[in-house]
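Data first, discussion second: the structure below is written as structure tokens.
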Amino acid sequence: MTKNMTLEKYSMGVGDRFAHQAGAQLRAFMQAAREGADVIPVWNKSNREHQIIGSTPASVRAAADAAVKALGWTRPYHVDADHIRVDTVDGFIPCSDFFTIDVADWIGKPAEAEAVKALVDRHPELVGRHAIAGIEAPVETTRAEVEQMASKYLLAVQEAGRTYRHITQAKGEGRFITEVSLDETDSPQTPTELLLILAALADEGIPVQTIAPKFTGRFNKGVDYVGDVAQFEKEFNADLAVIAHAVKQYGLPANLKLSVHSGSDKFSLYRPIRRALARFQAGVHVKTAGTTWLEEVIGLAEADGLGLALAKEIYAGALAQAEELCRPYATVIDIDPRRLPSAEAVNGWSAGEFVAAVRHEQQNKAFNPHMRQLLHVGYKIAAKMGNRYLDALAACEVTVSKNVTENLYRHHLKPLFLDRG
Ligand SMILES: [Zn+2]
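The sequence shown begins at 1446 in this note's numbering and counts up one residue at a time.
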């Protein structure tokens, strides 16, 4: 009998659109480990990305295994089938040991009235006034409110169960890590809703180890948080309190933790997150996939010459197809087209000017978050270049990998897991 696969307390999702940066990413985790932060890398790639790029799930596993072997990483690591559903998971099953079951599309679709009633009947503890350790004011919910929440989320939870059982049948129980994601939807979940969702996931028999709610505010791709940081901090703390409570109350896995999607570059949230984790002695999973692709573009530009020319070409291509590229990411980007420089203007830029516009340094006046977000969703343009892009990555390897490692270590791992105060 082998032990159930268990995700460590601190983990970070890293993504690598073109499967070339796993080593550069791993070096950032090794540096964090040397400095005293034990953070586990999880390479993730969604079905959406695979489709846009034309890659296969097996390539993610191969790149992760190769990097781990080459660099001698001895701690655990995982490969996450990100944002899968029952109809898209099969290709990921042989090579993933972490599954992010995305049920956002079922939120708000009303469940059967009978099933809703049964759920609320099973959980009288959710109705009325109850205290949760770590939340100042006692939570108060009427039966009608609980029924309303149940009706909003039950179908999504049932779908998570269906997907979980589908994966279990193929891989076996305890052989993989389960995350449930609810983030790609319009309205954030309140801590009270999260509690009900966790109760229902426990009823469904899903040993969920990470859950990705939609938090308050905008989590746009590759740029900082847009919203009320104080409100985020309050809700993040309340979510941690709810998770600790649900683990005890419903027998969910003891290591259950929050997963922060589109977590890269949310610099204004890292200190509040770190404070909350310390307060609750909680773990966290932070997904940072897209930030590495942007570092590739920055590294290409920094190499100047051929690399810079290619970076400009990617931007021009993304600008020409902006509408199509942005469509699948509508809920996670905010681009003002009037703030995007023209392709002609960018063609005249030096390496330094291009890097300054794209690198995420908010205090730099030349930084352009609109351009950065467009490039974020523009990886399809690079994918279409095929070997021309991959050859440029190889030619500019030094500047690319330096940017990838430094960005992950200095701007993500360090502020989240190492900085004090
Ligand atoms: Zn997500």
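Where is the CB? At the ideal position from N, CA and C, for every residue including glycine.
8 Å Cβ cutoff, residue i in contact with chain D
i	result
V1524	The structure shown has no chain D; it contains just one protein chain.
Cross-strand partners of residue i (DSSP beta bridge)
i	result
V1459	W1488
L1703	I1656, V1729
R1620	In DSSP, R1620 forms no bridge with anything.
R1663	V1671
E1585	R1574
V1625	I1546, I1656
H1523	V1487
I1529	I1546
Inter-residue Cα distance where the pair is residue i and residue j
i	j	result
P1860	V1531	36 Å
V1849	P1569	50 Å
E1453	P1658	20 Å
A1482	N1809	29 Å
E1741	F1725	36 Å
A1761	L1819	10 Å
R1720	I1688	16 Å
Q1654	I1577	20 Å
A1827	A1756	9 Å
V1484	L1640	27 Å
R1620	P1521	14 Å
S1713	F1664	12 Å
T1608	V1674	34 Å
S1541	T1533	13 Å
A1556	E1604	11 Å
H1815	D1710	14 Å
Q1470	S1795	27 Å
H1856	E1758	27 Å
K1693	G1536	35 Å
A1788	E1798	14 Å
I1612	C1771	31 Å
M1450	F1463	28 Å
F1681	L1516	35 Å
K1825	P1502	17 Å
H1821	K1514	29 Å
G1744	R1567	55 Å
W1749	A1837	The question names Trp, but residue 1749 in the sequence shown is Asp. The alpha-carbon atoms of D1749 and A1837 are separated by roughly 11 Å.
V1843	G1752	12 Å
P1717	Y1455	16 Å
P1547	Q1807	Sequence inspection shows Asp at residue 1547; the Pro mentioned does not correspond to that position. For D1547 and Q1807, the distance between alpha carbons rounds to 32 Å.
Where residue i falls, given that 16 or more other Cβ within 10 Å makes a residue buried
i	result
E1728	In the sequence on display, residue 1728 carries Gly and not Glu. G1728 is buried by the Cβ-count criterion.
G1468	buried
D1461	buried
E1559	exposed
A1746	buried
P1486	buried
Q1634	buried
T1736	buried
V1777	buried
D1527	buried
Q1466	buried
P1652	buried
D1631	exposed
G1650	exposed
P1636	buried
P1539	exposed
A1839	exposed
R1472	buried
Contact test: residue i Cβ vs ligand 1 heavy atom, cutoff 7 Å
i	result
E1629	yes
S1707	yes
S1872	Here the chain has residues from 1446 to 1866 only, and residue 1872 is not among them.
A1601	no
A1657	yes
H1821	no
R1523	In the sequence under discussion, the amino acid at residue 1523 is His, which differs from the Arg named in the question. Every heavy atom of ligand 1 is 7 Å or more from the Cβ of H1523, so no.
H1528	yes
Chain-order list of residues whose beta-carbon lies under 7 Å from that of residue i (same chain, five-residue window excluded)
i	result
V1561	E1592, A1595, S1596, L1599
K1554	L1600
G1672	T1661, G1662, R1663
Proximal residues to residue i (C-beta, below 8 Å), its chain only, five neighbours per side dropped
i	result
M1446	Reliability of the predicted coordinates at M1446 is poor, the pLDDT of 43 falling under 50, and the value obtained from them is presented with this limitation in mind. Closer than 8 Å at Cβ, skipping near neighbours: no residue.
R1817	G1667, V1668, L1739, A1802, V1803, H1805
A1767	I1780, P1782, L1785, L1819
V1572	V1565, T1586, T1587, R1588, V1591
heavy atom of ligand 2 below 7 Å from residue i C-beta
i	result
Y1834	Ligand 2 is not among the ligands present in this structure, which contains only ligand 1.
Sequence-distant residues of the same chain with beta carbon closer than 6 Å to residue i, five excluded per side
i	result
L1643	A1691
E1585	R1574
V1505	W1488, K1490, V1524
Q1476	Y1854
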